[in-house]
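Read the sequence shown against this note's numbering and you will find it ends at 164, with the numbers running on by one and no gaps. First comes the structure, then the notes that go with it.
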Amino acid sequence: MFKSIALVSCLAIFGSFSSGCCPPVEPKPDAKIMLQGEILVSENANPDQDGHSSPVTIRIYQLKSGNNFKNADFLALYGDDESVLDTDLLFKEEMDVHPGTRIPFDREWGQGTRYLGVMAIFQDRETARWRALVDLPDKGDFPVLVKIENSSVSIWQEAGSI
């Protein structure tokens, strides 16, 4: 009986020492990237054969790496972006934008996102600059302007073109 009381006492003392020595580890909250800005579509966006502007479909990608996006062929990316981007793709959204519009764009993205990719599906894809890609910071605010002019898409940061 004396042995069991001594054992319980030792365990209790050891337990109190060990709990006081090491504070509990709290999980780190995910670092977030806050994209703030807008999509600016010029009056002359996505001209047809007669020069009349028309709506354009854009895809916005959250990417772990920009390599697959940067090296992709237009038709492959357009037809099956999920296979082409593979594990780089974290999230995508697609929207139709109209000439002469400004669309607020505020998104909170998770820690794994390292790149913002934008694909624009223009009528004249042969001469179009149909993709834009930018590195993102590890965390914090990232002011961004996605510009669609004629048959070109670009990403601008507050300080200038990216």
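Positions of the beta carbon are idealized from the N, C-alpha and C atoms, including for glycine. Being a predicted model, the structure only gives us computed values, none of them experimental.
Check	Outcome
Cβ separation of leucine 135 and lysine 72, assumed to be a contact under 8 Å, to the nearest whole Å	6 Å
Alpha carbon of aspartate 126 to alpha carbon of histidine 54, nearest angstrom	12 Å
Where serine 21 falls: helix, strand or coil (DSSP)	Residue confidence is low: serine 21 scores 46 on pLDDT, short of 50, so the model does not pin down where it sits. Its coordinate-derived value is still stated next. Helix at serine 21.
DSSP-derived helix/strand/coil call for serine 85	helix
Option in Gly114, Thr89, Ile105 and Asp98 with minimal Cα separation from asparagine 70	Thr89
Own chain partners of leucine 79 with C-beta closer than 7 Å, once the 5 adjacent residues on each side are dropped	Val86 and Met121
Extent of the continuous beta strand (DSSP E) run through lysine 94	91-99
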